[in-house]
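Trainee:
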Amino acid sequence: MTSETDALVFECSLNAPPEKVWRALTIPEYLSRWLKPADDIELAVVTAEENKSLTYRWREAGQGAVTDAEDSLVTFELTPNDDGGTWFKLTHAPMIVPVAANSNCVNALLMAA
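In the numbering used here, the protein residues as written are 3 to 115.
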């Protein structure tokens with residue numbers, strides 16, 4: 003995944019209310035049963051709105067600040083259905099790291115020399 007267009011999106015209807023789906027997303031023992039992240043994957047909560055949306059930062063263990071651009075975000079969106087279930091949307095997208103306006107300082111200094 004290298005750009006916003008590389009996002010993976012999965013949507014479906016679940017036969018469980020948002021509160022139950024939320025528990026499956028936030029209780030580590032439940033999360034590991036169905037998501038099954040590899041041992042070398044680190045998950046960290048970025049944002050959370052109880053029973054509505056949750057975003058994890060997905061990173062391979064051992065990555066440093068230099069490779070932050072390769073991290074990704076996994077967002078779960080939960081919408082109640084009329085039948086008591088949940089419309090579930092999962093989006094796995096690259097993490098876009100903004101580049102500072104002065105990130106070319108080194109080049110500017112070399113040109114001035």
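Beta carbons are placed, not taken as given, at the ideal position from N, Cα and C, and that holds for glycine.
Report all residues from its chain with a CB closer than 6 Å to the CB of residue 77; omit the five preceding and five following residues, and keep chain order.
Mentor: Taking the sequence shown and counting its residues from 1, one reaches residue 77 at position 75. Contacts found: 57 and 93.
Trainee: Leaving out five residues before and five after residue 12 in sequence, what residues of the same chain have Cβ atoms less than 6 Å from its Cβ?
Mentor: The count along the sequence shown starts at 1 and reaches residue 12 at position 10. Closer than 6 Å at the Cβ level, and outside the excluded window around residue 12, lie 92.
Trainee: Comparing C-alpha positions only, which one of 10, 9, 8 and 15 sits nearest to residue 87?
Mentor: Start at 1 with the first residue of the sequence shown, and residue 87 comes out as number 85. Closest option to residue 87, Cα to Cα, is 15.
Trainee: Would residue 95 be called buried (16 or more neighbouring beta carbons within 10 Å of its own) or exposed?
Mentor: Within the sequence shown, numbered from 1, the residue matching residue 95 stands at position 93. Label assigned to residue 95: buried.
Trainee: How big is the Cα-Cα spacing for residue 35 and residue 8?
Mentor: Residue mapping note: residue 35 aligns to position 33 of the sequence shown, counting from 1. Residue mapping note: residue 8 aligns to position 6 of the sequence shown, counting from 1. Looking at the two C-alpha atoms, the distance is approximately 26 Å.
Trainee: When DSSP labels each residue in this structure, what does residue 50 get in the three-state scheme?
Mentor: Taking the sequence shown and counting its residues from 1, the one referred to as residue 50 is at position 48. In the structure shown, residue 50 sits in a strand (DSSP, three-state: E or B).
Trainee: One question on the structure: do residue 2 and residue 46 come within less than 8 Å of each other, judged by their Cβ atoms?
Mentor: There is simply no residue 2 to check, as the chain begins at 3 and stops at 115 in what is shown.
Trainee: Rounded to the nearest angstrom, what separates residue 54 and residue 79 at their Cα positions?
Mentor: As a working mapping, residue 54 is identified with position 52 in the sequence shown. As a working mapping, residue 79 is identified with position 77 in the sequence shown. If you take the alpha carbons of residue 54 and residue 79, they lie about 6 Å apart.
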